[in-house]
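Chemist: First the structure, then my questions, so here it is.
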Amino acid sequence: MAKYLPYFAEGEVVKGFGRGSKELGIPTANFPDRVVEALPKDIPCGVYYGWAMVDNGPVHKMVLSIGWNPFYKNQKKTMETHVLHKFKDDFYGSTLKVVMLGYVRPMENFSSVDELIKAIRADIAETEKQLKLPKHEAFKDDNFFKTNGEGS
Ligand code: ADP
Ligand code: RBF
Ligand code: MG
296 MAKYLPYFAE GEVVKGFGRG SKELGIPTAN FPDRVVEALP KDIPCGVYYG
346 WAMVDNGPVH KMVLSIGWNP FYKNQKKTME THVLHKFKDD FYGSTLKVVM
396 LGYVRPMENF SSVDELIKAI RADIAETEKQ LKLPKHEAFK DDNFFKTNGE
446 GS
């Protein structure tokens, strides 16, 4: 998947399926279908790390999952970003910008929520480690996070 990275995406934060990521302590900001459909057709599903920005706020670390949704009979791919920052409020409707820099692992089928949480904790640890590398840290200051989507 290295050939697809870095991958830049931008879109408004929409409602997901409310399957309780927030209750797990891992809220995920969902991108709209348009952004998911714009992904390279054969980019692997799985977990990616990189940087994220909500509206014109600070740039934070993020982990993102791309996967098929059983809820929609696996017809619907979702792209969900967990920002590694504690926000005071929800930010539905805000503009989310992300740059995906690396791949962590494929999507897995876990038999319990505990296992899923454990795996995501490990994803976050890997993300923290990877983003310290100068080649990845550099993207925090990328022009993508400084200009408006319309190129103004
Ligand atoms: P949904 O199913 O609607 O996506 P979630 O339980 O995944 O619901 O919660 C996602 C929402 O939580 C986001 O859209 C955002 O408004 C809010 N949120 C708060 N903190 C974070 C965070 N650190 N990362 C991602 N989303 C967050
Ligand atoms: N769900 C899975 O079924 N398998 C996974 O391997 C998986 N990995 C995830 C990794 C990250 C970093 C995040 C944020 C979520 C992951 N999810 C996974 C959960 C799934 O994409 C989604 O967030 C929940 O189903 C709630 O919408
Ligand atoms: Mg979500």
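Note that the working numbering has the sequence shown beginning at 296, numbered continuously upward. Glycine included, C-beta positions come from ideal geometry on N, C-alpha and C.
Which first and last residues belong to the alpha helix (DSSP H) in which Lys371 is found?
Modeler: That residue, Lys371, is in no alpha helix (DSSP H); its beta strand (DSSP E) goes 371 to 378.
Chemist: What does DSSP give as the partner residue(s) for Asn438 in the beta ladder?
Modeler: Paired residue(s): none; Asn438 is not in a bridge.
Chemist: Can you tell me whether DSSP reads Tyr387 as helix, strand or coil?
Modeler: The answer is coil: DSSP assigns Tyr387 none of H, G, I, E or B.
Chemist: Could you give the first and the last residue of the continuous beta strand (DSSP E) run that contains Glu318?
Modeler: No beta strand (DSSP E) holds Glu318; DSSP gives it neither H nor E.
Chemist: Can you find the residues in the same chain that come closer than 6 Å, C-beta to C-beta, to Asn302, ignoring five residues on each side of it along the sequence?
Modeler: The question names Asn, but residue 302 in the sequence shown is Tyr. Counting only Cβ-Cβ distances below 6 Å, and skipping sequence neighbours, we find Met395.
Chemist: Cβ of Asn438 within 7 Å of any heavy atom in ligand 3?
Modeler: Asn438 Cβ: outside cutoff for every heavy atom of ligand 3.
Chemist: Let's test the definition: count the other Cβ atoms within 10 Å of the Cβ of Thr323 and tell me whether it reaches 16, buried, or not, exposed.
Modeler: Result: buried.
Chemist: Tell me the rounded alpha-carbon separation between Asp436 and Pro353.
Modeler: C-alpha separation (whole angstroms): 11 Å.
Chemist: Under 8 Å by Cβ, that's how I've got Gly306 and Leu426 pegged, so tell me the actual separation to the nearest angstrom.
Modeler: Going by Cβ atoms, the distance from Gly306 to Leu426 rounds to 22 Å, so no, they are not a contact pair.
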